[in-house]
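K.L.:
Starting off with a structure, shown below.
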Amino acid sequence: MQHTYRRQSGFTLLELLVVLGIIALLAGIVGPQVMKHMGASKTKAAKVQIEDLAAALDMYKLDEGRYPSQQQGLTALIEKPNDARRWNGPYLRKEKVPQDPWMNEYHYVFPGQHGSFDLFSYGADEKEGGDGEDQDINSWE
Numbered sequence: 001m002q003h004t005y006r007r008q009s010g011f012t013l014l015e016l017l018v019v020l021g022i023i024a025l026l027a028g029i030v031g032p033q034v035m036k037h038m039g040a041s042k043t044k045a046a047k048v049q050i051e052d053l054a055a056a057l058d059m060y061k062l063d064e065g066r067y068p069s070q071q072q073g074l075t076a077l078i079e080k081p082n083d084a085r086r087w088n089g090p091y092l093r094k095e096k097v098p099q100d101p102w103m104n105e106y107h108y109v110f111p112g113q114h115g116s117f118d119l120f121s122y123g124a125d126e127k128e129g130g131d132g133e134d135q136d137i138n139s140w141e
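Numbering-wise, full-length UniProt numbering puts 129 at position 129 of the sequence shown, and it's gapless, one number per residue.
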């Protein structure tokens, strides 16, 4: 009788630990870089949304002869205000006022201190000022 021993194929515990260590090291290096770019893309998205909202406000003014009041706010872009005479909306494609990328409402001030109206987001921290993802994004800069 002849015995043949087959070597079992597979990974040892040590090999698995080495691979997991390498993956953790890569995640530690790459992860923060990805998150940095993600924050910058949210800031850019907020700038684009503010430009779109400002254009919709300008269309409203062309029809009504004035911008929505502070009390009417951005809702006047999707729902006809009671005192509107020549409203030709909705002025937004999705028929709802978008939130900023951090899921907060955009701030609308009429009359504005920096122009006909002020439209802005406080960024991720929802506080005035800040840097990076916390910076304020507005319609006048």
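For each residue, glycine too, the CB sits at the ideal point set by N, CA and C.
All figures in this text were calculated on a predicted structure; none of them were measured in a lab.
#1: Given a cut-off of 8 Å, decide if PHE120 and ASP134 are closer than it, judged by their beta-carbon atoms.
#2: Look at the Cβ atom of ALA56, then the Cβ atom of LEU77, and state whether they are nearer than 8 Å.
#3: Please list, in chain order, all residues of the same chain as LYS96 whose beta carbon is under 7 Å from its beta carbon, the five residues on each side excluded.
#4: In terms of DSSP beta bridges, what is ILE120 paired with?
#5: Can you give me the Cβ contacts of TRP102 inside the same chain, cut-off strictly under 6 Å, excluding the 5 residues immediately before and after it?
#6: Would you tell me roughly how many angstroms separate the C-alpha atoms of GLU128 and TRP140, rounded to the nearest one?
#7: Less than 8 Å between C-beta atoms, sequence neighbours within five positions excluded: which residues of the same chain meet that for GLU126?
#8: Whose CA, out of LYS94, ARG93 and GLU64, lies closest to the CA of LYS80?
#9: Please name the residue, chosen from ALA40, GLN49 and SER9, that lies closest to LYS94 on a Cα-to-Cα basis.
#10: On the three-state DSSP scale, how would you describe LYS42?
#11: Helix, strand or coil: which one does DSSP assign to PRO98?
P.N.:
In short, the structure shows the following:
#1: In the sequence shown, residue 134 corresponds to position 134, counting from 1. In the sequence shown, residue 120 corresponds to position 120, counting from 1. No, the Cβ-Cβ distance between ASP134 and PHE120 is not below 8 Å.
#2: Sequence index remark: in the sequence shown, residue 56 carries index 56 (1-based). Sequence index remark: in the sequence shown, residue 77 carries index 77 (1-based). Pairing ALA56 with LEU77 gives a Cβ-Cβ distance under 8 Å.
#3: The residue labelled residue 96 in the question sits at position 96 within the sequence shown. Cβ contact annotation for LYS96 (same chain, cutoff 7 Å, sequence separation greater than five): ILE78, in chain order.
#4: Position 120 of the sequence shown, counted from the first residue, corresponds to residue 120. It is Phe, not Ile, that sits at residue 120 in the sequence shown. HIS107 and ASN138.
#5: In the sequence shown, residue 102 corresponds to position 102, counting from 1. Cβ contact annotation for TRP102 (same chain, cutoff 6 Å, sequence separation greater than five): ALA124, in chain order.
#6: Along the sequence shown, one-based indexing puts residue 128 at 128. Along the sequence shown, one-based indexing puts residue 140 at 140. For GLU128 and TRP140, the distance between alpha carbons rounds to 15 Å.
#7: Looking up residue 126 in the sequence shown gives position 126. Only TRP102 and ASN104 meet the Cβ criterion.
#8: By one-based count along the sequence shown, residue 80 stands at place 80. Ranking the options by Cα distance to LYS80, first place goes to GLU64.
#9: Here residue 94 corresponds to residue number 94 of the sequence shown, with the count starting at 1. Out of ALA40, GLN49 and SER9, GLN49 has the C-alpha closest to the C-alpha of LYS94.
#10: Numbered from its first residue, the sequence shown carries residue 42 at position 42. Look at LYS42 here: in three-state DSSP terms it is helix.
#11: As a position in the sequence shown, residue 98 is number 98, starting the count at 1. Three-state DSSP puts PRO98 in coil, outside helix and strand.
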